[in-house]
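In the numbering used here, the protein residues as written are 41 to 280. Cβ atoms here follow ideal geometry from the backbone N, Cα and C, with glycine treated the same way. Worksheet: one structure, shown below.
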């Protein structure tokens with residue numbers, strides 16, 4: 041059964057046409073200048089095909105909780121996930137949602153100048169106007185109270201969130217939300233997982249922020265746990 045995702049809204053992007061595309065476990069919410077459901081479905085099938093084929097011949101790619109050696113002969117999305125996981129020192133599947141979001145988004149840029157792709161809280165966007173993305177942090181009192189302003193000149197950009205208290209993704213931490221900004225959405229996704237694993241309580245926030253910015257390619261990070269929040273790097277927080 042589909043559960044409405046309350047974080048699927050972007051202030052400043054109301055002019056764009058929203059649509060949703062689901063293929064197996066992949067559930068994307070998109071915005072573009074026109075409905076591109078057919079093109080998006082084809083893009084999802086293409087990238088999922090690459091991932092599923094690789095897992096069949098390399099089952100450890102799906103199972104590993106740590107980085108694997110880079111494979112120069114693998115398909116592009118596999119290479120993106122392997123590279124991101126090496127930088128963040130997590131398993132390659134920690135980058136899958138961000139990698140799919142960017143793969144689909146860049147494909148759709150051939151049909152629309154502006155694209156927003158949200159994949160389970162992981163976002164790829166290219167816009168010509170500034171947008172505000174709210175931070176969903178589960179039961180934290182900060183949830184949907186704080187947003188990140190994304191300037192159009194800073195896109196294309198990946199904004200990915202991991203949580204130890206929300207959703208079914210594996211996390212060894214207790215953060216309500218760890219949001220990472222990077223031009224590489226796969227990296228943002230992998231880094232969000234790595235940083236979220238380090239946050240057990242609010243005193244871990246400074247160390248976790250330093251860790252986030254130590255990953256080459258990460259430009260900003262926000263961490264929320266309970267009523268505590270911290271940010272570092274190129275992040276413009278605003279009150280919603």
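Segments assigned alpha helix (DSSP H), at least 4 residues, entirely inside the stretch 72-97: 77-97
Along the chain, where does the beta strand (DSSP E) that runs through residue 202 open and close? Looking up residue 202 in the chain shown gives position 162. That run of the beta strand (DSSP E) goes 197-202.
Tell me whether residue 274 sits in a helix, a strand or coil according to DSSP, three-state version. Along the chain shown, read from residue 1 onward, the residue named residue 274 stands at position 234. Coil at residue 274, not helix or strand.
Work out the CA separation of residue 89 and residue 44 for me, nearest whole Å. Residue 44 sits at position 4 when you count from the first residue of the chain shown. Residue 89 sits at position 49 when you count from the first residue of the chain shown. At residue 44 the pLDDT is 38, less than 50, meaning the model places this residue with poor confidence; the figure from the coordinates comes in the next sentence. Cα-Cα distance, rounded: 27 Å.
Taking residue 115 and residue 94 to be in contact with their CB atoms under 8 Å, please state how far apart those CB atoms are, rounded to whole angstroms. Stepping through the chain shown from its first residue, residue 115 is reached at position 75. Stepping through the chain shown from its first residue, residue 94 is reached at position 54. Going by Cβ atoms, the distance from residue 115 to residue 94 rounds to 7 Å, so yes, they are a contact pair.
Roughly how many angstroms lie between the CA atoms of residue 187 and residue 261, to the nearest whole one? Position 147 of the chain shown, counting from 1, holds the residue named residue 187. Position 221 of the chain shown, counting from 1, holds the residue named residue 261. Approximately 12 Å, taken between the alpha carbons.
Counted within 10 angstroms of its Cβ, other Cβ atoms place residue 263 as buried (16 or more) or exposed: As a working note, residue 263 is residue 223 in the chain shown. Buried, because 16 or more other Cβ atoms sit within 10 Å of the Cβ of residue 263.
Which of the three DSSP states is assigned to residue 156 in this structure? In the chain shown, counting from the first residue as 1, residue 156 sits at position 116. Of the three classes helix, strand and coil, the one that applies to residue 156 here is strand, per DSSP.
Could you check where the alpha helix (DSSP H) with residue 127 kicks off and where it finishes? For this step, residue 127 is matched to residue 87 along the chain shown. Looking at the DSSP string, the run of the alpha helix (DSSP H) that includes residue 127 is 116-128.
Pick out whichever of 216, 156, 56 has its Cα sitting closest to the Cα of residue 142. Counting from one through the chain shown, the residue named residue 142 turns up at place 102. Comparing Cα-Cα distances from residue 142 to each of 216, 156, 56, the minimum goes to 156.
On a CA-only basis, which of 270, 132, 63 is nearest residue 83? Give me that one, please. Counted from its first residue, the chain shown places residue 83 at position 43. Among 270, 132, 63, the Cα nearest to that of residue 83 is on 63.
Beta carbon of residue 204 nearer than 9 Å to that of residue 216: Along the chain shown, one-based indexing puts residue 204 at 164. Along the chain shown, one-based indexing puts residue 216 at 176. Cβ atoms of residue 204 and residue 216: closer than 9 Å.
State whether the stretch 169-176 contacts the stretch 108-122, with contact taken as three or more CB pairs (one from each stretch) at a distance under 8 Å. no
Relative to the alpha-carbon of residue 228, which residue among 126, 276, 279, 97 has its alpha-carbon at the smallest distance? By one-based count along the chain shown, residue 228 stands at place 188. Checked all of 126, 276, 279, 97; the closest Cα to residue 228 is 126.
Could you tell me which residues DSSP puts in a beta bridge with residue 162? Start at 1 with the first residue of the chain shown, and residue 162 comes out as number 122. According to DSSP, which records beta bridges pairwise, residue 162 is partnered with 159, 200.
Name the residue from 265, 259, 253, 182 whose alpha carbon lies nearest to the alpha carbon of residue 240. Walking along the chain shown from the start, residue 240 turns up at place 200. Closest by alpha carbon: 265.
The alpha helix (DSSP H) that contains residue 222, what's its start and end? In the chain shown, the residue the question calls residue 222 occupies position 182. No alpha helix (DSSP H) contains residue 222, which is instead part of the beta strand (DSSP E) from 217-222.
Which of helix, strand or coil does DSSP assign to residue 59? Within the chain shown, numbered from 1, the residue matching residue 59 stands at position 19. Of the three classes helix, strand and coil, the one that applies to residue 59 here is strand, per DSSP.
If you follow the beta strand (DSSP E) that residue 171 is in, where does it begin and where does it stop? By 1-based counting over the chain shown, the position of residue 171 is 131. Where residue 171 is concerned, the enclosing beta strand (DSSP E) stretches over 171-174.
Going by CA-CA distance only, name the one from 231, 224, 250, 154 that's closest to residue 167. For this step, residue 167 is matched to residue 127 along the chain shown. Residue 154 is the option with its Cα nearest to residue 167.
Hey, would you say residue 139 sits closer than 9 Å to residue 231, going by beta carbons? Residue mapping note: residue 139 aligns to position 99 of the chain shown, counting from 1. Residue mapping note: residue 231 aligns to position 191 of the chain shown, counting from 1. No; because the gap between Cβ atoms is not below 9 Å, this pair is not in contact.
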